[in-house]
Amino acid sequence: MTSVICFGTNLSIQFAEPFAPDSVRSDDWSKGILMASRALWKGQLRLSLVSIPVEIHSATKSSSSISFRQIHEPSGKPVKYQKTVAGIGPIDTKDIVKGYETGDDNYMLIDPEELDAIRLETKKTFELVQFVDACEISPLYFDKPYYIVPTDDLAQDAYRVIRDALRTAGKVGLGQFTMRGKEYLGAVKPCGDGLLMETLHYADELRNADPLFNDIADETSDKDLLEVATALIDRKSGPFDAAAFTDHYSKALHDLIEAKRKNRKTKHVAAAEDDASQGENVVDLMAALKQSLKGTKTPAKGGRKKAS
């Protein structure tokens, strides 16, 4: 069930239960989320002549973040934004086209048909065409993680072979696939009992760091200071455990929302359902009046001429 809670700044939050309870282990919770998730891509993972039917699922949860809606407090309705043009006012969606800015206030219009012509067909094959050591890929290139899952029991044998071969070789498989009309570069690596695919940025998407680091003097660090800093690093070194780090703001926000939900004095609003908002009626009325004005002739000044 979805509830709405109001905050003092005319913001509200909508969320559905449940949150992950503290008593549930993170791995069990992740498995539950994965089982309930929708596959973003379905096709074949191919290594030479071996093809495996697989699905790709997001490895991150959008539900873990909290988002707010702006609410018009007197009416309890969510705030909406109209598409407008300066000097014209509200416009119809059918009159909107895409434009590429070529200079100050100059735009080159692109027809939808032109974009459709270059849109890539969603290929159902993700072929591993190259293998590299994981350490060869700079962290700068990694974008978003996904789980690769076999679609049926018959695919599990070949799936395990690719997973174990990558783990034994210590390699990462590279390949490209299309999703939603765009082509992505992906790196496939073993992940526990399964496979993880991380999309990579293309080379031309990364900024050159040299202009940012050029002002840093190329000097050797002080030996004594370096020893102290190294000792501090050694003292705080240990195995990586993501669970040891907490998003304190997110936790405080969750706690605030839970406290407000349980507090009977918390202000709630319910938006009344209308066929159309008053703002929409005003816009429609203005358009009708302007259209009527165009079709009305202006009467001649000075009244009627006297009969002779």
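Per the working numbering, the sequence shown runs over residues 1 to 308. A virtual CB, placed ideally from N, CA and C, is assigned to each residue, including glycine.
query, result
"Mind checking who Q130 pairs with in its DSSP beta bridge?", "L174"
"Would you kindly work out how many angstroms separate the C-alpha atoms of G238 and D255, rounded to a whole number?", "30 Å"
"Leaving out five residues on either side along the sequence, give the residues of the same chain with a beta carbon under 6 Å from the beta carbon of E198.", "F142, P145 and A187"
"Suppose the cutoff is 7 Å on Cβ atoms and the five residues either side in sequence are ignored; what does the same chain contact list for Y100 look like?", "Y107, M108 and I110"
"Give the C-beta separation of A270 and Y147 to the nearest angstrom, bearing in mind that I take them to be a contact with Cβ-Cβ under 8 Å.", "Wrong, their Cβ atoms sit about 39 Å apart, outside the cutoff."
"Enumerate, from N- to C-terminal direction, the unbroken beta strand (DSSP E) stretches of 3 or more residues contained entirely within the stretch 149-210.", "171-179, 182-191 and 194-200"
"Which residue's Cα is closest to the Cα of G194: D164, K171 and K223?", "D164"
"Just to confirm my understanding: we take Q82, look at its own chain, exclude 5 residues before and 5 after, and list those with CB closer than 6 Å. What are they?", "P90"
"So for T102, helix, strand or coil by DSSP?", "strand"
"Among the candidates S37, P139, P74 and S48, whose CA atom is the shortest distance from the CA of S62?", "S37"
"Quick check on L45: buried or exposed, where buried means 16 or more other Cβ atoms within 10 Å of its Cβ?", "buried"
"Anyone know if the C-beta pair for Q130 and L174 falls short of 7 Å?", "yes"
"Report all residues from its chain with a CB closer than 6 Å to the CB of S3; omit the five preceding and five following residues, and keep chain order.", "Residue placement at S3 is poorly supported in this model, since its pLDDT is 41, which falls under 50; the coordinates are not used for a value here."
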